[in-house]
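Below is one structure, written out as structure tokens; the observations come after it.
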Amino acid sequence: MEDVLEVYQRPHDPARPVVCLDETSKQLIAETRVPIPAKPGHPARIGYEYERNGTANLFMMFAPLEGWRHVKVTDRHAAVDYAQVLKEVSDSHFPGADKIILVQDNLSTHKPASLYQAFPPAEARRLVERFEWHYTPKHGSWLDMAECELSVLSRQCLDRRIPDKTTLTKEVTAWQQNRNKRHAKADWQFTNADARVKLKRLYPQFQ
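Encoded structure:
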């Protein structure tokens, strides 16, 4: 916990951007009847029946000090999908960075080993060295600011029926473009000093 909080207290350095990574899934649900739109005096009406179209995975890449985020929609959340996301962060989104400060949770695929499942050893090692790796503690994924940004995405974009991956990708892209245009950032206030007071029960007790 203190390791992640220390990262968040670092001053903004464009050469060493902080990028938080998290993922979630979205069930794809299609309407079986055409919804009736709202009109004066009557709310919109949506049929209770629906058709399941599987699920899609969403990777959230969020640079809180840059006011930038990118959401990649994939069919799965396997190790190779995660590795491809890291390659995009390194080579497409932050190619000029000296080092990318990566904050993420402890999901089993969120490891340097995943890069070796997707790329030849030399390329995997190159990508591993592009990142400075930081992990939230077990049961402490709330420390990952990408999870907070996923919550915003869920409230503003995903809280409705979306029928297929193509529509999901289109809607998510429009949402992220709007957020990036406004350079929406995260105002993180919780520090190590706060943690030692508010979460003192988690620390060893000395007499």
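Residue 182 in numbering that gives the first Met the number 0 sits at position 183 of the sequence shown; the count goes up by one each step and never skips. Quick reminder that beta carbons are idealized off the backbone N, C-alpha and C, glycines included.
Straight-line CA distance for residue i to residue j?
{"i": "Ala-14", "j": "Ala-29", "result": "44 Å"}
{"i": "Asp-90", "j": "Gly-66", "result": "19 Å"}
{"i": "Asn-56", "j": "Ala-37", "result": "31 Å"}
{"i": "Lys-169", "j": "Gln-83", "result": "20 Å"}
{"i": "Val-127", "j": "Pro-39", "result": "57 Å"}
{"i": "Asn-191", "j": "Lys-137", "result": "17 Å"}
{"i": "Ser-113", "j": "Val-79", "result": "6 Å"}
{"i": "Ala-123", "j": "Tyr-115", "result": "5 Å"}
{"i": "Leu-167", "j": "Asp-74", "result": "12 Å"}
{"i": "Leu-27", "j": "Asp-158", "result": "12 Å"}
{"i": "Asp-97", "j": "Gln-206", "result": "45 Å"}
{"i": "Arg-181", "j": "Met-60", "result": "17 Å"}
{"i": "His-76", "j": "Thr-23", "result": "9 Å"}
{"i": "Glu-1", "j": "Lys-197", "result": "13 Å"}
{"i": "Phe-118", "j": "Phe-130", "result": "16 Å"}
{"i": "Lys-25", "j": "Arg-160", "result": "10 Å"}
{"i": "Gly-139", "j": "Lys-71", "result": "24 Å"}
{"i": "Gln-188", "j": "Glu-50", "result": "43 Å"}
{"i": "Gln-234", "j": "Arg-195", "result": "The structure shown does not extend to residue 234, since the chain is modelled only from 0 to 206, so the question has no answer here."}
{"i": "Val-151", "j": "Thr-54", "result": "20 Å"}
{"i": "Thr-172", "j": "Arg-200", "result": "42 Å"}
{"i": "Arg-125", "j": "Gly-95", "result": "14 Å"}
Compute the distance between the beta-carbons of residue i and residue j, then report whether it is under 8 Å.
{"i": "Tyr-81", "j": "Asn-105", "result": "no"}
{"i": "Ile-99", "j": "Pro-42", "result": "no"}
{"i": "Gln-155", "j": "Trp-174", "result": "yes"}
{"i": "Leu-20", "j": "Ala-145", "result": "yes"}
{"i": "Val-3", "j": "Leu-142", "result": "yes"}
{"i": "Asp-193", "j": "Asn-52", "result": "no"}
{"i": "His-92", "j": "His-109", "result": "no"}
{"i": "Val-88", "j": "Val-6", "result": "no"}
{"i": "His-11", "j": "Leu-64", "result": "yes"}
Identify every residue that forms a DSSP beta bridge with residue i.
{"i": "His-41", "result": "Lys-38"}
{"i": "Cys-19", "result": "Phe-61, Val-102"}
{"i": "Arg-68", "result": "Phe-61"}
{"i": "Gln-26", "result": "Thr-54"}
Checklist entry - Which ranges would you report for the beta strand (DSSP E) in the region 155-206 if only whole runs of at least 3 residues count? => result none
Next on the checklist: Runs of 3 residues minimum, wholly inside the region 80-153: which ones carry the beta strand (DSSP E) assignment?
Outcome noted: 99-103, 130-134
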